[in-house]
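>
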């Protein structure tokens, strides 16, 4: 069963995910004999649809910020990498615009974000090892910005030089090495530019690709609401509590691959912890042999890993940073095996 068949089987498609956001019990069939997922009413992730009395920003777990109540369940589908179209052209061409705009990043919380293509994180870029890339950046914002890719490339294409308001720059790169590499604005003050949303992820696949898995990208970041150099809210993929309300769904016993990056400014270190299961760790993903097998991995700023695991039993598997402040202020989520 491939990813598309699996998503159709569990009922994710268009509005289907909204109905399938909680843990599923399987056994009923439709008129055509297809298996259906049955969801307990009122459950989204661990959180019931009502919040703690007197604290509308927390859920029934007692410590987690809600995402915006109006957010669609498919809002972060772009971070499910099976949905990403991979270019087979000799030259990967991508246009990215920098736009300053308001974003709702948690319940009753709007920030003025600096974005790549109106997105935080920016669009996923995926290339094959050795593939030529032409990334055209247009600065439609009020400030000078740039785009700097981690990895190996010509230093003349490094992306630290500012692109002024209304300006445009095409970066010509060759994808490499294999693995997971962040990109971000590199204009001073660097911390401020990244903290306001100018970051994203580049995946460079090895020849022939990696073995099949259900793939997702998770980028950890923070939001400084008062420009004081300290984060108030923490997020996976830009929105607090999203994966608490709408868990990542995977089939029991099939390989899962997560591309995880720490893009938190103002924090010296962060981590990723998965409950009830261990995983193989590929540091930066530049090797095809695991570097470790564990249930928690620690990341400095802009560090990243690829992890792989299977979930042997149906149920909810919590994930979060093991920095308590981050987990209780937005960065707790669930993976549901069905």
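Numbering (this note's numbering), first residue to last: 150 to 487.
Backbone N, C-alpha and C define an ideal beta-carbon position, used for all residues, glycine too.
(1) At 3 residues or longer, and completely inside the stretch 211-251: list those beta strand (DSSP E) runs for me, N to C.
(2) Buried or exposed: which applies to residue 416, given that a residue is buried once 16 or more other Cβ atoms fall within 10 Å of its Cβ?
(3) Can you tell me whether residue 237 is buried or exposed, with buried defined as 16 or more other CB within 10 angstroms of its CB?
(4) Helix, strand or coil for residue 424? Go by DSSP, reduced to three states.
(5) Measuring CB to CB, does residue 405 end up less than 9 Å from residue 365?
(6) Please state the DSSP three-state secondary structure of residue 391.
(7) Give me, in chain order, the residues of the same chain whose beta-carbon lies closer than 6 Å to that of residue 293; leave out the 5 immediate sequence neighbours on both sides.
(8) May I ask you to report which of helix, strand or coil DSSP gives residue 412?
(9) Roughly how many whole angstroms lie between the Cα atoms of residue 327 and residue 485?
(10) For residue 473, which three-state DSSP category applies?
(11) Helix or strand or just coil, what does DSSP make of residue 266?
(12) Taking just the CA atoms, how far does residue 223 sit from residue 229?
(13) Compute the beta-carbon to beta-carbon distance between residue 351 and residue 330, rounded to the nearest angstrom, for a pair I have assumed lies under 8 Å.
(14) In terms of alpha-carbon separation, which member of 434, 473, 478 lies closest to residue 387?
(15) Classify residue 481 as helix, strand or coil using the three-state DSSP reduction.
(16) Can you check DSSP and say which residues form a bridge with residue 319?
With the given structure in hand:
(1) none
(2) buried
(3) exposed
(4) coil
(5) yes
(6) Helix at residue 391.
(7) 311, 313, 336
(8) coil
(9) 29 Å
(10) Residue 473 falls in the helix class under three-state DSSP.
(11) coil
(12) When rounded, the distance between both Cα atoms is 10 Å.
(13) 5 Å
(14) 478
(15) coil
(16) 285
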